[in-house]
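Under the numbering used here, the first residue of the sequence shown is numbered 363, with each subsequent residue one higher. Quick reminder that beta carbons are idealized off the backbone N, C-alpha and C, glycines included. Structure first, commentary second.
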Amino acid sequence: MYRPRAQKTKAKTSPTKTTARDTMSLCKTRLQEERKQWRKDHPFGFYARPKKSEDGSLDLTHWDAGIPGKPNSLWADATYPVSITFSEEYPSKPPKVMFPAGFYHPNVYPSGTVCLSILNESQDWRPAITLKQIVLGIQELLTNPNPDSPAQEPAWKAFSKDRTTYEKKVKEQAKRYATAT
363 MYRPRAQKTK AKTSPTKTTA RDTMSLCKTR LQEERKQWRK DHPFGFYARP
413 KKSEDGSLDL THWDAGIPGK PNSLWADATY PVSITFSEEY PSKPPKVMFP
463 AGFYHPNVYP SGTVCLSILN ESQDWRPAIT LKQIVLGIQE LLTNPNPDSP
513 AQEPAWKAFS KDRTTYEKKV KEQAKRYATA T
């Protein structure tokens with residue numbers, strides 16, 4: 363009796379199901395576009411660039427950036443370094459932005475992680491938020507801390523209850539990150 367051989371068929375994926383490869387591809391595509399836009403138009407005094415991998419290629423998921431303090435503020439005349447890490451789920455999920463550990467600010471955790479609503483998936487993060495908007499938001503946060511969302515007690519207490527001490531410590535920190543003029 364003749365029995366036809368079963369044909370091997372490729373497993374079909376549902377058009378609505380997103381695979382890990384699709385997600386990573388979306389992440390890389392978006393980050394390439396972010397880099398292109400940044401190079402074309404970024405705020406004066408800021409820098410942001412992908413780190414290099416061991417093989418010398420650009421690692422678009424890990425960036426170094428610098429955020430200048432606003433003129434005529436306690437944070438002026440310095441550029442503050444941050445590292446920005448994008449997960450493969452970006453832009454669906456926000457990047458993680460960190461100052462160096464121990465950075466003095468009411469909305470920066472002792473680890474250096476920035477506490478900002480636009481970087482929080484359960485608060486104000488939206489996939490349309492750009493790298494430019496993120497760094498400008500952090501610059502604004504430096505000058506105008508959010509006392510309702512403290513991330514480190516010493517800076518929050520000083521900001522809330524002892525403004526003289528707070529200003530002194532911020533100025534000391536600004537000197538450590540001072541930019542040549």
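Report task. Could you name the residues of the same chain whose beta carbon sits closer than 6 Å to that of Thr475, not counting the 5 residues immediately before and after it, in chain order? Result -> Met460
Query raised in the report: Is it buried or exposed for Glu534, if we count other Cβ within 10 angstroms and need 16 for buried?
Result: exposed
Query - Inter-residue spacing [alpha-carbon to alpha-carbon] between Glu396 and Pro430 - result: 20 Å
Query - Assigned exposure category for Thr375 - 16 Cβ within 10 Å defines buried - result: Reliability fails at Thr375, whose pLDDT of 46 lies under 50, so the model's placement of it is uncertain and no value is given.
Query raised in the report: How should Phe521 be labelled, buried or exposed, when 16 other C-beta atoms within 10 angstroms of its C-beta is the threshold for buried?
Result: buried
Query raised in the report: What three-state label does DSSP hand Lys531 in the structure shown?
Result: helix
Report task. Per DSSP, which residues does Ala540 bridge with? Please list them. Result -> According to DSSP, Ala540 bridges with Ala440.
Query raised in the report: Span of the beta strand (DSSP E) holding Ala427?
Result: Leu420 to Pro430
Query raised in the report: Helix or strand or just coil, what does DSSP make of Ala410?
Result: strand
**Report entry** Residues of its chain near Pro509, where Cβ-Cβ distance is below 6 Å and the 5 sequence neighbours each way are ignored
**Finding:** For Pro509, where only same-chain residues beyond five positions count, the Cβ hits under 6 Å are Ser522.
Requested in this report: List the DSSP bridge partners of Ser549.
Outcome: No information on residue 549 is available, as it lies outside the stretch 363 to 543 that the chain covers here.
Query raised in the report: According to the Cβ coordinates, are Lys413 and His424 closer than 8 Å?
Result: yes
**Report entry** C-beta contact flag for Pro453 and Ile446 at 8 Å
**Finding:** No. Outside cutoff.
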